[in-house]
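Trainee:
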């Protein structure tokens, strides 16, 4: 019985009129937790009641504290008939259970009704007294911190990354229970909302238990999803990465630690090796396992697996070990070996953690849903996911990798068919968390040599390539082999050497399918999937080449299934990695070059493509330092073979043509125009309209080439539903789908034109087929303005290039030191930041004046936290430009249902959804503000299920959003300090290192 | 094939000033798109008509959702649904409550009733302002009127605080409320040459000098202190009649004024000839103001009895100023005239109103 939950109802405002006669309301409040309910007095005849209630106290188990939400219901008192409900507020008290998060929830929260939306606000105070018994506290999973952020949160240091945690819980969907036939829509919606709240709480608690068992104290990259399986039930599942995090403490000594403020490798590095000496790094998790204490919590079989499979064969295979030794002389990290699934939901890593990237991998399976008979034993669903994870694991192995990073799972359900998908990036990770001092320094030396290109070096055995890939020596270090293109699901590592800017690349595909039932339907879908995936891949590859780029980051392929079609949408951010060879052009070839007009057609097309490539190279400032190649003249041991490079696809080309179709001096990528698909591909290529001037876009956290962000950010969600005509061909469908996405993007650019120059970051597209002949596309992203003058990279870099050409890429090193989100630079005058830059360049590698200045800002800002009032920023990114996150207040995970039976009166479907999304934003902001926060980072809308029935004038929508509530402080007021101290600190930090 | 649903929601609500104005002006979505296309926004931003339509619909929807908040501007600041920066909020409110001078001239002094609202389509046809916009402006007037009707204290300040309007706009609304309350006639043909700003100026003069609130007689928190004229003062105005009924006084007054003006103006002869008529006109207006009906005709009387005769004699504004100054001051020198305070209070307003109204 470790907790006392206390709640006080202060006041209400803007309540709706519930009594027509008086135009007023007699409101009172019910406060419910578990099975206990308290009531306030009735505050008669007011739309702004002042209850000022006593403290309602609930004495509860910590298990309940984690599972249950506090439920506040506002009602209108009616003497003669039943009291009318005005609306409800669910409060997740989880943030209060962690000592490092929020301490009180206090503020105005919207009163929400599933039929009427927001109906006024209520002011509440909620506190939790946990008994100060550390041991008992440790036994529950209270206190395990959850983060949606897919990197190490900014005010923490990762002491250890334990690995993958997963869990799922199932239940019957109240919407499909017999009782639903006799209860009101409101009651049904509320039952659903409450159930999902409970299930999320339970899931989080169970995951927390696993984390504690592994010895961790936090889950990073926590991804929770719902599968609305209809008749067969409701599944809530979650994955995440268990970590041991240590708060970078508030006293000045560690405040100087730049870990949280600067992702630059030089600054961060000590945080992992040297500055955490107190932590027992050498052997296993720091906290001893206490598995037996958890027996009462029904250990799901997925974590009983864990112990049995510790001798996983992965890293023991001679091939892998040999390879690893050969390339980096680091044995595979032991902590990964202990994991059954060496998966990481992280997409960004502490510098030096990610050694090599093998490539993207994905696995899908099509399942037929059946009723979940026993909710307590969700074996089937568990087994399904296990299958897929095994497949992913084996893919990774084939790529010579022992880990999968940027891992995610998703589903698409249509009637009784369900596609389960998992994807990730095969990778080799450093084991430095487990190493002792001397070895560590050795590693660092090794990485200094290749900080910006190391991750590109192939992890697999050159002689035993799992697929036909063209290998060359790395264009940066000339020592290791790299592939010709690299696809990944992770963010661009901050230390990566990139030429030019990046851009969003999308492949879109629509395929019709016959209507079918059950088994037959599933079979049809499974047989279509590989083609879909193959074509998406080809499209991506073509579009990548068309932009003159050679790598994709943040790749996310979404396949959505409907009754008569399959949709595929792949989004990624293309970049030119300096380490990889320059991509060849796209060569169009006709198989029957007999007709002259045909040849002309081909050559005009070819010209168009070549022009586009050139234009794109200019647009994205891709001018790889070809000259350097010659001047450096580093010995290339093996002449690169450039004559036989024609593959239509990396995974599926058996035929290797001997023709030389090189475009310029580069390798060409041949598109044979004879089959209709290729024609279609080319059209798709050329119809992608370029982004308007002043706009850039990416779906990752960081946009390479843009650095001086201003503080202007605008997060938005846009949803479109498109009705199709019946009887469309594949090509027609494709075009419609592609246009839909393109037009949506165009609309976004237009909407946000006042922010130019600006970059749309973390563009996250979600597609769905809500019903036959409908396509729904939802986008959530953030637009961030930046300063046009970029003295850092443009003028400087090109100007200086000729001067220091022969040296060892000092400019690259600099761009590594100033990662994009150090936007406070924008507040300095151009000349000043230039001076700053030069001083950094001279002291190179280790020293930077910046962290010291920033840490000062941290100290003096500490007192100032809640002064910025109601404004709550929201962003899908893990950071806020020009600001420093000083505290994480807890995870926000909210689920809402909205329903209407007066669709026309609410402005039709658009009016209805517009209001609902605005309401969801408002509720997220209000809850964050009540926690004492002023921003949500890593925000995402994970579910937006919209259903309509215009004939009945009805619509229903379900939205699930999540993110991390934080407190941030602006850096702007401290620019003077950082300027003053810059030269001094350069020397100090030099001295200390 | 059609877009069934299309929404865009920003964490900070995005509002385009230009589209807002089109919405306020009562344009339909399609008309607004046309105007925007002509404005060249498409070339500027590489957009298509489709994009423009989607954006316009979206913005219109946002404005419609905001409209109920704009009816109570104070709510805009503490509502949670839309995150709108304070400067944007101020812009939204100011523009929502802005009105067309040509529209307000049509309804100024009319009762803000349902009957008047029904006639708005005529006003719309006459002014070329869309009916939708007319209705919004009319409803604004009515809303402000209703709210301040029940409030105590100074009118302009009440409007400014309750509707968060900038000072000038609050003053204009005070004038509208004042005119509506006293039902001043402004629609007659002879008054057509006057602009709303002329009337607003006069209203300001009346509010500041002739109401209960003006003299500070009240304990500063009386109902309608700024809206109703000071009855006591109106009563006292009757005493001024002596200036025209007493023959001696009238002649004395005339000679004082004429002596002062001789040689200083080109229209001296006309002035001299007309003095008695003009003086009778002004004093009679004063004497009749105790009747509500005559209050309504205040402006038409000023024009008929004073401004028109002067205009036909081709007085300049300088002549007018000179005349009124001496006319006012001379009365104080008259032996038997005792009502100096009332005279000053009356003539001060009359002089500035006439000077403002004396133009083509």
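Residue numbers (the UniProt record's numbering), protein chains in the order written: chain Y, 1 to 993; chain S, 1 to 360.
Positions of the beta carbon are idealized from the N, C-alpha and C atoms, including for glycine.
1. The UniProt domain "C2" (1-109) of chain Y: which residues have C-beta closer than 9 Å to a C-beta of chain S, in chain order?
2. If you compare alpha carbons, which of Y:781, Y:9, Y:205 is closest to residue 98 of chain Y?
3. Span of the beta strand (DSSP E) holding residue 225 of chain Y?
4. Ordered along the chain, which non-local residues of its own chain (more than five positions away) have a Cβ less than 6 Å from that of residue 105 of chain S?
5. Residues in the same chain with beta-carbon distance under 6 Å from residue 305 of chain S, minus the five sequence neighbours each way, listed in chain order, please.
6. Under the three-state reduction of DSSP, which class applies to residue 163 of chain Y: helix, strand or coil?
7. Give a yes or no on whether 7 Å exceeds the smallest Cβ distance from residue 654 of chain Y to chain S.
8. Please report the residue range of the alpha helix (DSSP H) in which residue 362 of chain S lies.
9. Let me check one thing: in DSSP terms, what residues is residue 356 of chain Y bridge-paired to?
10. With distances taken Cα to Cα, identify the nearest neighbour of residue 208 of chain S among S:229, S:192, S:188.
11. Which of the three DSSP states, helix, strand or coil, is assigned to residue 233 of chain Y?
12. Give me the subset of the region 908-922 of chain Y whose CB atoms are less than 7 Å from a CB atom of chain S, sorted by chain position.
13. Residue 30 of chain S CB to nearest chain Y CB: under 7 Å?
14. Who are the Cβ neighbours of residue 327 of chain S in its own chain at under 7 Å, not counting the five residues just before and after it?
15. Nearest chain S C-beta to residue 174 of chain Y closer than 7 Å, yes or no?
16. Strictly below 7 Å CB to CB, what residues from chain S border residue 953 of chain Y?
17. Please name the residue in S:162, S:246, S:171 whose C-alpha comes closest to that of residue 75 of chain S.
18. Three or more C-beta pairs under 8 Å: does that hold for the region 143-153 of chain Y against the region 207-223 of chain Y?
19. Under a Cβ-count criterion, where at least 16 other Cβ atoms within 10 Å of its own Cβ denotes burial, should residue 80 of chain Y be classed as buried or exposed?
20. Between residue 87 of chain S and chain A, is any beta-carbon pair separated by less than 7 Å?
21. Sorry if obvious, but does the Cβ on residue 18 of chain Y come closer than 6 Å to a heavy atom of the ligand FMN?
22. Could you list which residues in chain Y have their beta carbon closer than 8 Å to that of residue 63 of chain S, in chain order?
23. Between which two residues does the beta strand (DSSP E) carrying residue 392 of chain Y extend?
24. Can you pull the chain Y residues whose beta carbon is under 8 Å from the beta carbon of residue 45 of chain S, in chain order?
25. Which residues in the same chain have their Cβ closer than 7 Å to the Cβ of residue 68 of chain Y, if we skip the five residues on either side of it in sequence?
26. State the beta-bridge partners of residue 71 of chain Y as determined by DSSP.
27. So what's residue 911 of chain Y in DSSP terms, helix, strand or just coil?
28. Quick one: complete beta strand (DSSP E) runs, 3+ long, within the region 688-745 of chain Y?
29. Leaving aside the five residues before and after residue 968 of chain Y along the sequence, list all residues of the same chain whose C-beta is less than 7 Å from its C-beta, in chain order.
30. From residue 732 of chain Y to residue 415 of chain Y, what distance separates their C-alpha atoms?
31. Report the residue from Y:166, Y:909, Y:457, Y:537 whose alpha carbon sits nearest the alpha carbon of residue 389 of chain Y.
32. Output, in sequence order along the chain, the residues in the region 110-126 of chain Y whose CB is closer than 8 Å to any CB in chain S.
33. Have a look at residue 898 of chain Y and residue 60 of chain S and give me their C-alpha separation to the nearest angstrom.
34. With C-beta atoms as the reference, is residue 244 of chain S less than 7 Å away from residue 237 of chain S?
35. Considering Cα atoms alone, identify which of Y:913, Y:427, Y:381 is closest to residue 392 of chain Y.
36. Classify residue 2 of chain Y: buried if its beta carbon has 16 or more other beta carbons within 10 angstroms, exposed otherwise.
Mentor: Based on what the coordinates show:
1. Going along the UniProt domain "C2" (1-109) of chain Y in chain order, one finds 13, 14, 108, 109 with a Cβ nearer than 9 Å to chain S.
2. Residue 98 of chain Y has its Cα closest to that of Y:205, out of Y:781, Y:9, Y:205.
3. Residue range 218-228 is occupied by the beta strand (DSSP E) that includes residue 225 of chain Y.
4. Cβ neighbours of residue 105 of chain S beyond the five flanking positions: 196.
5. Answer for residue 305 of chain S: 281, listed in chain order.
6. Look at residue 163 of chain Y here: in three-state DSSP terms it is strand.
7. Since pLDDT at residue 654 of chain Y reaches only 33, below the 50 mark, its modelled position is unreliable, and no value is offered.
8. Here chain S comprises residues numbered 1 to 360, so residue 362 of chain S is not present and cannot be evaluated.
9. For residue 356 of chain Y, which the question treats as bridged, DSSP gives the partners Y:428.
10. Looking at the Cα atoms, S:229 is the closest of the given residues.
11. In this structure, residue 233 of chain Y counts as coil in the three-state DSSP scheme.
12. Residues passing the 7 Å Cβ filter: 909, 910, 911, 913, 914, 915, 917, 918, 919, 921, 922.
13. No, no contact with chain Y.
14. These residues qualify, in order along the chain: 257.
15. Residue 174 of chain Y does not count as touching chain S.
16. For the C-beta of residue 953 of chain Y, not a single chain S residue is nearer than 7 Å; the gap to the nearest is close to 15 Å.
17. Closest by alpha carbon: S:162.
18. Three or more beta-carbon pairs drawn from the region 143-153 of chain Y and the region 207-223 of chain Y are found closer than 8 Å, and the two stretches are therefore classed as touching.
19. Its Cβ having fewer than 16 others within 10 Å, residue 80 of chain Y is exposed.
20. Included in the structure are the protein chains Y and S, with no chain A among them.
21. With respect to the ligand FMN, the structure offers nothing, as it holds no ligand at all.
22. What residue 63 of chain S touches in chain Y: nothing, since even the nearest Cβ is about 12 Å away.
23. Careful: residue 392 of chain Y lies outside any beta strand (DSSP E), inside the alpha helix (DSSP H) at 379-398.
24. Within chain Y, the residues near residue 45 of chain S are 692, 749, 750, 753.
25. If the five residues before and after residue 68 of chain Y are omitted, its C-beta is found closer than 7 Å to the C-beta atoms of 33, 34, 198, 201, all from its own chain and listed in chain order.
26. Within the DSSP bridge table, the entry for residue 71 of chain Y names Y:32, Y:90 as partners.
27. DSSP places residue 911 of chain Y in the helix class (H, G or I) of the three-state scheme.
28. Listed in chain order, the complete beta strand (DSSP E) runs (minimum 3 residues) inside the region 688-745 of chain Y are 695-697, 709-723.
29. Within the same chain, residue 968 of chain Y has close Cβ partners 880, 883, 884, 885, 886, 934, 935.
30. In a straight line, the C-alpha of residue 732 of chain Y is about 25 Å away from that of residue 415 of chain Y.
31. Closest by alpha carbon: Y:166.
32. Listed by position along the chain: 110, 118, 121.
33. A straight-line Cα-Cα distance of about 22 Å links residue 898 of chain Y and residue 60 of chain S.
34. It is not a contact, given that the beta carbons lie outside the stated cut-off.
35. In terms of Cα proximity to residue 392 of chain Y, the closest of Y:913, Y:427, Y:381 is Y:427.
36. With 16 or more Cβ atoms within 10 Å of its Cβ, residue 2 of chain Y is classed as buried.
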